[in-house]
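Residue numbers (this note's numbering): 2 to 181.
Positions of the beta carbon are idealized from the N, C-alpha and C atoms, including for glycine.
Right, one structure below, let's go through it.
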Amino acid sequence: NHAMRVTRSSAVAGFTLLEVLIAVLIFSFGLLGVAAMILTAMRGNHTAQLHTQATFLAQWVADAMRANPDGVMAGNYNGNAPNGGGANCNAGCTRAQAATRDLQTWGAMVAATWPTGTGNIACNLKPPVRIDGTRAFPAGLCTVTLAGNESTETGKTAASNAPDPASGRKAQQFIWVFNP
């Protein structure tokens, strides 16, 4: 009778090694799921950051163009964004020089924000109409295009950061159309 009581109480008293291993395995799969969710959230956050930067860059150059309507009408803003430059207008400059300064500043911001990205501006303008001698503003539309890869890790070359569906890198193009 006493031996039977010991057997019964030891069978109920604890966990076997197999049960503990199964519990650890289930817990590990749960942790892997949490890690995958965190990784997905980080990718989404990075993509949102790129979208925000693209909006900021397009709005910045649009504001610069609105401040220089003569430079816009002369076509001084059309073309690809240069990567930096040294235009200095501290002593005053022409509308064309102001446009060059704006484009160089914008190009440097594009290069700093999107290491593999490019920027382009194309304006399709009509002759301005002056009414009663008032200042004429550009009539028509300008298109700001920012193109680059969704993944822009620093330290990568353009070739190693090229669009690749297998790795999740995909080409992105942001187009902003506005009336200057």
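Residues bridged to LEU147 [DSSP beta-bridge criterion]
Position 146 of the sequence shown holds residue 147. Bridge partners of LEU147: GLY120 and PHE175.
Rounding to the nearest angstrom, what Cα-Cα distance links ALA68 and ASN125 in this structure?
On the sequence shown, residue 68 is found 67 positions in, with the first residue counted as 1. On the sequence shown, residue 125 is found 124 positions in, with the first residue counted as 1. The alpha-carbon atoms of ALA68 and ASN125 are separated by roughly 18 Å.
Is GLY93 helix, strand or coil by DSSP?
Mapped onto the sequence shown, residue 93 falls at position 92. The answer is coil: DSSP assigns GLY93 none of H, G, I, E or B.
Pick from GLN60, ASN150 and ALA37 that is closest to VAL178, judged by C-alpha positions
Taking the sequence shown and counting its residues from 1, one reaches residue 178 at position 177. The residue from GLN60, ASN150 and ALA37 with its alpha-carbon nearest to that of VAL178 is GLN60.
Which ranges would you report for the alpha helix (DSSP H) in the segment 22-87 if only whole runs of at least 4 residues count?
70-74
Would you kindly work out how many angstroms separate the C-alpha atoms of MET110 and ALA55, rounded to a whole number?
Translated into positions along the sequence shown, residue 110 becomes position 109. Translated into positions along the sequence shown, residue 55 becomes position 54. Going from the Cα of MET110 to the Cα of ALA55 covers about 10 Å.
Using C-beta distances below 6 Å, list every residue in its chain close to ALA49, excluding the 5 sequence neighbours before and after it, in chain order.
For the purposes of this step, residue 49 is taken as the residue at position 48 of the sequence shown. For ALA49, where only same-chain residues beyond five positions count, there are no Cβ hits under 6 Å.
Sub-9 Å separation of ALA112 and VAL73 beta-carbons:
By one-based count along the sequence shown, residue 112 stands at place 111. By one-based count along the sequence shown, residue 73 stands at place 72. Result no, Cβ atoms of ALA112 and VAL73 do not sit closer than 9 Å.
Which listed residue (PRO181, ILE39 and GLN105) has its alpha carbon closest to that of ALA140
Here residue 140 refers to the residue found at position 139 when the sequence shown is read from its first residue. It is PRO181 whose Cα lies nearest to the Cα of ALA140.
Please report the straight-line C-alpha distance between GLN173 and ARG44, rounded to a whole angstrom.
Residue mapping note: residue 173 aligns to position 172 of the sequence shown, counting from 1. Residue mapping note: residue 44 aligns to position 43 of the sequence shown, counting from 1. One C-alpha to the other measures close to 15 Å.
For ASN81, I'd like the list of residues in its chain whose CB is within less than 6 Å of its CB, leaving aside the five on either flank, ordered along the chain.
Within the sequence shown, numbered from 1, the residue matching residue 81 stands at position 80. Closer than 6 Å at Cβ, skipping near neighbours: ASN121.
Below 8 Å on the Cβ atoms is my contact criterion, and I expect THR117 with GLY93 to pass it. Report the Cβ-Cβ distance as a whole number of Å.
If you number the sequence shown from 1, residue 117 lands on position 116. If you number the sequence shown from 1, residue 93 lands on position 92. That belief does not hold up - the Cβ atoms of THR117 and GLY93 are roughly 36 Å apart, past 8 Å.
By Cβ distance, which residues of its chain are closer than 6 Å to ASN77, with the 5 residues on each side in sequence left out?
For the purposes of this step, residue 77 is taken as the residue at position 76 of the sequence shown. Same-chain partners within the cutoff: ALA97 and ALA100.
Thinking C-beta only, is ASN89 closer than 9 Å to ARG102?
Here residue 102 is taken as the residue at index 101 of the sequence shown, counted from 1. Here residue 89 is taken as the residue at index 88 of the sequence shown, counted from 1. Cβ atoms of ARG102 and ASN89: closer than 9 Å.
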